[in-house]
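Remarks on the structure that follows.
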Amino acid sequence: MKLELQKIAKSFSDGENQLNVLNGIDLSINNGDIITIKGPSGSGKSTLLNIIGTIDFADSGSIFFDNIKLNNSNNFEKFRNENLGFVFQFHHLIPELSVEENVKLPFLISGENVDEKYIDDLFVFFDLNKKRNSFPNYLSGGEKQRVAIMRSFVKKPSLILADEPTGSLDEKQVINTIELFKKMNSQYKQTLVIATHDNRVFDIGTKKFLLNNGVLSNI
Ligand SMILES: Nc1ncnc2c1ncn2[C@@H]1O[C@H](COP(=O)(O)OP(=O)(O)OP(=O)(O)O)[C@@H](O)[C@H]1O
Ligand SMILES: [Mg+2]
101 MKLELQKIAK
111 SFSDGENQLN
121 VLNGIDLSIN
131 NGDIITIKGP
141 SGSGKSTLLN
151 IIGTIDFADS
161 GSIFFDNIKL
171 NNSNNFEKFR
181 NENLGFVFQF
191 HHLIPELSVE
201 ENVKLPFLIS
211 GENVDEKYID
221 DLFVFFDLNK
231 KRNSFPNYLS
241 GGEKQRVAIM
251 RSFVKKPSLI
261 LADEPTGSLD
271 EKQVINTIEL
281 FKKMNSQYKQ
291 TLVIATHDNR
301 VFDIGTKKFL
311 LNNGVLSNI
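Quick note: the sequence shown, position 44, residue 144 per this note's numbering, numbers continuous.
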């Protein structure tokens, strides 16, 4: 897979003032890259990930996926369903579904057979077997975050977008998550784009960027 962002610009208005969050971002994401992005709170990391994930839209600029321009709801949806896993900053688990159902959701949506073996492995890896039948509202922040990470990985999507994926994790689970990211990247050539304030996570990047004042710079 190859994703190409060209001159992505985005601003928000709070009624009075216009806030230019992204000022013409260019970024090439190639198969097997681990792209890590850091930057001050409010610099636009989540905005950028949401635009890459086509759940928000740029004011101007283009995104090409495998050289095809993403420009209508058909190819947005196809891109999301077939290629993308998302770990949101605020988890977005479905409260009415059990932990296990949340993790299996990508399979339930696509109607494919559930990869039970891989899911069992993930539950062991993240030490969550005892919570399989719990519901999200009864989990700690770190447990919710691990469930969200598992959900993003179950279908081994070619591109994972992870927004501050370790913000509520303890030391051991941060190390575990880093290990999982590296393993999935080397075993399945999964491409990762990670926004993070955690330097340990930032350092796994094969391409590292700072987002500041609307500009992405290579560091
Ligand atoms: N829907 C929106 N409407 C208005 N302003 C918004 C909206 N979404 C984001 N913003 C503003 O855009 C800026 C960038 O927000 P964003 O969430 O992308 O930052 P961030 O880098 O992810 O920050 P953090 O590190 O705290 O997660 C912030 O100033 C925020 O207030
Ligand atoms: Mg954010």
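The beta-carbon is built from N, C-alpha and C at its ideal position, and this holds for glycine as well.
Note that this is a predicted model, so its numbers are computed, not measured.
For residue i, three-class secondary structure by DSSP
i, result
"Thr147", "helix"
"Gly314", "coil"
"Phe223", "helix"
"Ile134", "strand"
"Phe309", "strand"
"Lys320", "Since the displayed the chain opens at 101 and closes at 319, residue 320 lies outside it and no answer follows."
"Ile168", "strand"
"Ser210", "helix"
"Glu196", "coil"
"Ser252", "helix"
"Phe179", "helix"
"Ile47", "Here the chain comprises residues numbered 101 to 319, so residue 47 is not present and cannot be evaluated."
"Ser173", "helix"
Run of the beta strand (DSSP E) containing residue i, from where it starts to where it stops
i, result
"Gly124", "118-130"
"Asp263", "259-263"
"Lys107", "102-113"
"Leu184", "184-187"
"Gly161", "160-165"
Straight-line Cα distance separating residue j from residue i
i, j, result
"Ile135", "His297", "14 Å"
"Gly241", "Gln189", "11 Å"
"Lys289", "Asn117", "43 Å"
"Thr132", "Thr291", "Residue identity check: residue 132 is Gly in the sequence provided, not Thr. So the alpha carbons of these two residues sit roughly 5 Å apart."
"Ser234", "Ala262", "24 Å"
"Ala109", "Val254", "32 Å"
"Lys256", "Leu122", "30 Å"
"Gly267", "Asn299", "12 Å"
"Ile278", "Val301", "6 Å"
"Phe186", "Asn318", "23 Å"
"Ser173", "Phe157", "11 Å"
"Ser198", "Lys244", "11 Å"
Residue range of the unbroken alpha helix (DSSP H) whose run includes residue i
i, result
"Lys282", "271-288"
"Val293", "Looking at the DSSP string, Val293 is not in any alpha helix (DSSP H); the run it does join, the beta strand (DSSP E), is 291-295."
"Ser240", "Unbroken run through Ser240: none, as it is neither H nor E."
"Phe302", "299-302"
Residue i burial status per 10 Å Cβ neighbour count (16 or more: buried)
i, result
"Phe142", "According to the sequence provided, residue 142 is Gly. The question's Phe does not apply to it. By the 10 Å Cβ count, Gly142 comes out exposed."
"Val247", "buried"
"Gly115", "exposed"
"Pro195", "exposed"
"Ser252", "buried"
"Lys204", "buried"
"Leu119", "exposed"
"Gln321", "No answer is possible for residue 321: the residues shown for the chain start at 101 and end at 319."
"Leu208", "exposed"
"Ile125", "buried"
"Lys107", "exposed"
"Phe223", "buried"
"Asn171", "exposed"
For residue i, the nearest candidate out of the options (CA to CA)
i, options, result
"Ser113", "Met250, Lys255, Asp159", "Asp159"
"Asn167", "Lys308, Thr277, Glu104, Gly211", "Glu104"
"Gly314", "Ser128, Pro140, Thr277", "Pro140"
"Leu259", "Ile155, His192, Asp227, Phe179", "Phe179"
beta-carbon residue i near ligand 4 non-hydrogen atom, thresh 7 Å
i, result
"Gly153", "Looking for ligand 4 in the displayed structure turns up nothing; the ligands present are ligand 1 and ligand 2."
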